[in-house]
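A short worksheet on the structure shown next.
And the structure:
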């Protein structure tokens, strides 16, 4: 009972931290998915007096160019054909500048968008650049803000969790102090002597992982109940559960073991 | 095997427990260290297994210089020493069999070999019938016999014992002395024992040192 209670004090902060991490993973997935979706729909229109050398335009404001599509002059003219004479069409064809649609690999922020506009305008032949800044997605910005807030909350909870876990490990060291001292008198290394404490921490990490894994699977299987179907039409909110579970498992073990080693190091400094 | 040259030991800066202490213990010797309570006997033997550091002087144990000894060298040295504490220092959550197996496991022996050796020693200390018991289920005398068995388990080069019979009944004390004599005579283990009273008619050759006011004297 006493042992369960002490493991519980270890599991609670670790589980809280892992749940926050799982929420962070979830929002990251939603934001990335949404970003991909809007970046596929988004393009910059460039008007140039001479044809652009596409190979020279590989990156703007640090964002790679996915592709550059040349808009067919005939298509542009065909939209106005009805109102123009053949002569005018011929003249227009000669005078019409070149139109391009630039698709980027990543959806740019507003500042990146302004930077892209400046870089494009530096090309002498470019007459006009339309970045559609008014349409720039506000939902995306909102999602980014939420993601950042969750990241900050995660870091804060991580720090608190590490402090509480370290305190619990110190309590375990205190509880097993006599046993550790006896082992060390017999020439055991600190790692061997602290075996019980290390096993407690690994067991705690596994329990925390199992709890969070169960919650994540439950959430992933019941997204339609929790989130409105409209949202699911906009973005794919399903997690790649195996990959995310691996991340949670690694974090759980990493935090437990690194905290143990931190406490062990301090213990060794104080006792050697 | 153990050489001390003008060593000073203390727990604080102002008061030395051992002052200018010198001694030389040869291999396979049986040594008793006597003296009044508080004379520094326990402090002296603690320095032999590195539980207390030297303030001044030189101390060599099994060829290892104790002043400034590294943690890894201290671990190696301790693996060659069997220590018997006055308060037994057994691990209460383990069975007595597991307690005896401890030094063997630390020295890298397999569980099977460690268990066989533990059972063998339990029969020597006449506690085979209690192998599954935990230390706090045994009397003080029985616990000390387990502690002696543990100290002998890995066939150490040196056994250091701090008042091993101080709290024991006559029967347990006799078992402990017989085991220590056997270890010295038959296995050639160097034995250093701190005790208030040297047993009469001990039966084997031994040397006696005494500590008074922090100074080590040769008695016999």
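Protein chains in written order, with the working numbering: chain W, 986 to 1257; chain Z, 100 to 319. Using N, Cα and C, we set each Cβ at its ideal position, and we do this for glycine too. All of these numbers come straight from a predicted model, not from anything done at the bench.
query: Strand pairing of residue 107 of chain Z, partner residues [DSSP]; result: Z:155
query: N- and C-terminal bounds of the beta strand (DSSP E) containing residue 1088 of chain W; result: 1083-1089
query: Contact between the region 1004-1015 of chain W and the region 1059-1079 of chain W (3+ Cβ pairs under 8 Å); result: no
query: Partners in chain W for residue 244 of chain Z, counting only beta-carbon separations shorter than 8 Å; result: None at all; the shortest Cβ gap to chain W is about 17 Å.
query: Residues that residue 126 of chain Z bridges to, as DSSP identifies them; result: Per DSSP, none; premise fails for residue 126 of chain Z.
query: Rounded separation between residue 170 of chain Z and residue 215 of chain Z - CA only; result: 31 Å
query: Separation of residue 1130 of chain W from residue 1020 of chain W, as counted between CA atoms; result: 13 Å
query: Short CB-CB distance (under 7 Å) between residue 174 of chain Z and chain C; result: Going by chain labels, chain C is absent from the structure shown, which instead holds the protein chains W and Z.
query: Residue-level contact to chain Z via CB, residue 1011 of chain W, 7 Å cutoff; result: no
query: Expected contact under 8 Å - CB spacing of residue 1233 of chain W and residue 1197 of chain W to nearest Å; result: 6 Å
query: Proximity test, Cβ basis, 7 Å: residue 220 of chain Z and chain W; result: no
query: Contact under 7 Å by Cβ, residue 1087 of chain W with residue 1061 of chain W; result: no
query: Beta-carbon proximity check, residue 1245 of chain W vs residue 1183 of chain W, cutoff 7 Å; result: yes
query: Cβ-based neighbour list, residue 100 of chain Z, same chain, cut-off 7 Å, excluding 5 preceding and 5 following; result: 124, 125, 126, 161, 257, 289
query: Of the listed residues W:1041, W:1091, W:989, nearest to residue 1023 of chain W (C-alpha basis); result: W:1091
query: is_contact[residue 202 of chain Z, chain W] using C-beta, thresh 7 Å; result: yes
query: Under 7 Å between C-beta atoms of residue 183 of chain Z and residue 103 of chain Z; result: no
query: Pick from W:1219, W:1222, W:1253, W:1167 that is closest to residue 187 of chain Z, judged by C-alpha positions; result: W:1167
query: Within chain Z, the residues that residue 1165 of chain W reaches when beta carbons sit closer than 7 Å; result: By Cβ distance, chain Z contributes nothing, its closest Cβ being about 10 Å from residue 1165 of chain W, past 7 Å.
query: Euclidean distance between Cα positions of residue 1252 of chain W and residue 1045 of chain W; result: 53 Å
query: Element boundaries [alpha helix (DSSP H), containing residue 236 of chain Z]; result: Element bounds for residue 236 of chain Z: n/a, residue is neither H nor E.
query: Rounded C-alpha distance that separates residue 272 of chain Z from residue 158 of chain Z; result: 31 Å
query: Rounded C-alpha distance that separates residue 992 of chain W from residue 1159 of chain W; result: 15 Å
query: Spatially closest choice to residue 135 of chain Z from Z:219, Z:311, Z:318, by CA coordinates; result: Z:311
query: Rounded distance between the beta-carbons of residue 1055 of chain W and residue 1027 of chain W, thought under 8 Å; result: Going by Cβ atoms, the distance from residue 1027 of chain W to residue 1055 of chain W rounds to 18 Å, so no, they are not a contact pair.
query: Helix, strand or coil at residue 102 of chain Z [DSSP, three-state]; result: strand
query: Close Cβ partners of residue 1220 of chain W (< 6 Å) along its chain, the five nearest in sequence each way excluded; result: 1015, 1018, 1019
query: Proximal chain W residues relative to residue 164 of chain Z, where beta-carbon distance stays under 7 Å; result: Simply none; closest approach about 17 Å.
query: Residue 308 of chain Z versus Z:110, Z:105, Z:129, residue with shortest Cα-Cα distance; result: Z:129
query: Below-7 Å beta-carbon distance, residue 188 of chain Z vs any chain W residue; result: yes
query: Secondary structure, beta strand (DSSP E): runs of 3+ residues fully inside the region 246-283 of chain Z; result: 257-261
query: Limits of the beta strand (DSSP E) - the one that residue 185 of chain Z falls within; result: Where residue 185 of chain Z is concerned, there is no enclosing beta strand (DSSP E), given that its DSSP letter is neither H nor E.
query: Chain-ordered neighbours of residue 1002 of chain W on chain Z, where CB pairs are closer than 8 Å; result: Here the premise fails: no neighbours, minimum Cβ distance about 30 Å.
query: Nearest candidate by alpha-carbon position, reference residue 1000 of chain W, set W:1096, W:1075, W:1149; result: W:1149
query: N- and C-terminal bounds of the alpha helix (DSSP H) containing residue 1054 of chain W; result: Looking at the DSSP string, residue 1054 of chain W is not in any alpha helix (DSSP H); the run it does join, the beta strand (DSSP E), is 1048-1056.
query: Whole-Å CB distance - residue 245 of chain Z paired with residue 224 of chain Z, under 8 Å assumed; result: 7 Å
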